[in-house]
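The opening position of the first sequence corresponds to residue 1 in the working numbering, with each subsequent residue numbered one higher. We treat Cβ as the ideally placed atom computed from N, Cα and C, and that holds for glycine. Remarks on the structure that follows.
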Amino acid sequence: MCGRFSLRASAGAVQEAFALAEPPPLAPRYNIAPAQPVLTVRQGRMGAREAVLLLWGLVPSSAKHPALGARLINARAETCAVKPSFRAAFRHRRCLVPADGYYEWQRAAAGGGKPLRQPYHLRLTEGGPFGIGALWEHWQDPAGNELETVVLLTTAPNAVSAAIHDWMPLIVLPQHYERWLDPRIGKVEALADIMAPYPAEPMTAVAVGAYVNSARNEGPLCLEPPASPASSAPPRGVPASSPQQARLFDDTET
DNA sequence: CCAGACGTTGTT
DNA sequence: GTCTGG
DNA sequence: CCAGACGTTGTT
DNA sequence: GTCTGG
Numbered sequence: 001m002c003g004r005f006s007l008r009a010s011a012g013a014v015q016e017a018f019a020l021a022e023p024p025p026l027a028p029r030y031n032i033a034p035a036q037p038v039l040t041v042r043q044g045r046m047g048a049r050e051a052v053l054l055l056w057g058l059v060p061s062s063a064k065h066p067a068l069g070a071r072l073i074n075a076r077a078e079t080c081a082v083k084p085s086f087r088a089a090f091r092h093r094r095c096l097v098p099a100d101g102y103y104e105w106q107r108a109a110a111g112g113g114k115p116l117r118q119p120y121h122l123r124l125t126e127g128g129p130f131g132i133g134a135l136w137e138h139w140q141d142p143a144g145n146e147l148e149t150v151v152l153l154t155t156a157p158n159a160v161s162a163a164i165h166d167w168m169p170l171i172v173l174p175q176h177y178e179r180w181l182d183p184r185i186g187k188v189e190a191l192a193d194i195m196a197p198y199p200a201e202p203m204t205a206v207a208v209g210a211y212v213n214s215a216r217n218e219g220p221l222c223l224e225p226p227a228s229p230a231s232s233a234p235p236r237g238v239p240a241s242s243p244q245q246a247r248l249f250d251d252t253e254t
């Protein structure tokens, strides 16, 4: 699952990572949430790559109204090529959403306690930006009002992500960007190899405080460690946290 | 044929 | 639009 | 994803 | 519980 992410990288770093002609409009973000505009990299038939802001939460082109509460924020990579709401977008409107980390909430272990959820920030240990595989869609009502929206794809978790949740965002390898973005390619057979879990080795998961829970909160406080660390009772499969920072990586199960 | 849904996660 | 259910 | 609201009439 | 807002 991927319902919240960060993008702190500079416009220059994102321009270079995604081979953009222009530096994208970009301010550091620590808490990007559904229903907000997200930077999206896509490609036209003539091959020009562009970065635009689209609303996160796909409104299918068939929707009568851009149902604000029923937007689709994630779609499964394994099935999006055949689902009616995503099929056309998969064939013609694949895109990448730049991020440099995403948040996952780990459900508390079974027991009497409150159903508190512990958020983690998952990112490349090296720290750079990456591209989340996504689809965009165009919607227009009879009056001519237009809306462009985007949905993030999910896939099976790697070892780092599996300790926290059952899914992870589809992270596309840089060597696959060109093929993924090419609108002339639409057959799932020509794209299936791209839709695999990103390897666990380059990734790190860090427990963070509840500040990130509210989509109204923004800024570096989103990455502060939890006040009462998850180390008090690390759930199964999760190594105990260090006092300073709960670095999460199980080297034994990659 | 027409009518109605079309998505995910999580929880029970 | 396109697929599923009846 | 999580947080927060969830209703009406009337008055300012 | 369920829907909307961010």
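Give me the DSSP bridge partner(s) of residue i.
i	result
Gln43	Arg49
Glu146	Gln140
Thr101	The residue asked about is misnamed: residue 101 is Gly in this sequence, not Thr. Gly101 pairs with Ser6.
Phe130	Ala99
Ala200	Partner(s): none; Ala200 has no beta bridge.
Val38	Leu54
Val160	Per DSSP, none; premise fails for Val160.
Ala75	Leu153
Gln106	Gln118
Leu135	Arg94, Val151
Leu32	The residue you asked about is not Leu; residue 32 is Ile in the sequence shown. In the DSSP output, where bridge partners are listed per residue, Ile32 has Phe5.
Sorted by chain position, which residues of the same chain lie with C-beta nearer than 7 Å to residue i's C-beta, five sequence neighbours on each side aside?
i	result
Leu124	Phe130, Pro202, Met203
Ile185	Arg179, Leu191
Arg236	Per-residue confidence for Arg236 stands at a pLDDT of 40, beneath the threshold of 50, marking its modelled position as unreliable; no derived number is given.
Ala11	Pro23, Pro24, Leu26
Ala290	Because the chain here runs from 1 to 254, residue 290 falls outside it and cannot be looked at.
Gly219	Tyr30
Val172	Leu96, Gly131, Gly133, Trp180, Ile194
Glu126	Pro202
Are the CB atoms of residue j and residue i within a distance shorter than 8 Å?
i	j	result
Leu116	Ala108	yes
Ile132	Pro183	no
Thr154	Asn74	yes
Val59	Thr40	no
Pro119	Asn213	yes
Glu137	Leu122	no
Ala200	Ala143	no
Let me make sure I understand the geometry here. Which of the options has the alpha-carbon closest to that of residue i?
i	options	result
Leu135	Asp182, Phe90, Tyr102, Met1	Phe90
Phe86	Gln43, Pro37, Arg71	Arg71
Arg49	Asn213, Glu189, Tyr177, Ala196	Tyr177
Gln44	Gly127, Asn158, His92	One detail in the question is off: residue 44 reads as Gly in this sequence, not Gln. Residue His92 is the option with its Cα nearest to Gly44.
Gly47	Gln15, Ala19, Glu104, Ala163	Ala19
Pro157	His138, Leu147, Pro197, Pro174	Pro197
Val188	Arg94, Ser61, Asp141	Arg94
Gln15	Ser62, Pro98, Ala143	Pro98
Gln175	Ser6, Ala17, Met1	Ala17
Trp167	Ala35, Tyr102, Ala21	Tyr102
Who are the Cβ neighbours of residue i in its own chain at under 8 Å, not counting the five residues just before and after it?
i	result
Ala33	Gly3, Arg4, Trp56, Ala215
Met195	Ala77, Glu78, Gly133, Leu153, Thr155, Leu170
Trp139	Val59, Pro60, Ser61, Ala63, Pro66, Glu146, Leu147, Glu148, Thr149
Ile37	Sequence check: residue 37 is Pro here, not Ile. Correct list, in chain order: Leu53, Leu54, Leu55, Trp56.
Ala13	Gly128, Pro129
Apart from the five residues on each side of it in sequence, which residues of its chain come closer than 6 Å, Cβ to Cβ, to residue i?
i	result
Arg8	Pro28, Asp100
Pro25	none
Leu181	Gln43
Leu221	Tyr211
Gln106	Gln118, Ile164
Ala35	Gly57
Less than 7 Å between the CB of residue i and some heavy atom of the ligand ADP, yes or no?
i	result
Trp136	With respect to the ligand ADP, the structure offers nothing, as it holds no ligand at all.
request  = Report yes or no: do the segment 217-229 and the segment 195-208 share at least 3 C-beta pairs separated by less than 8 Å?
outcome  = The segment 217-229 vs the segment 195-208: in contact.
query = Are at least three pairs of beta-carbons, each pair with one atom in the segment 140-151 and one in the segment 159-167, less than 8 Å apart?
reply = Contact between the segment 140-151 and the segment 159-167 is absent: fewer than 3 CB-CB pairs across the two stretches fall below 8 Å.
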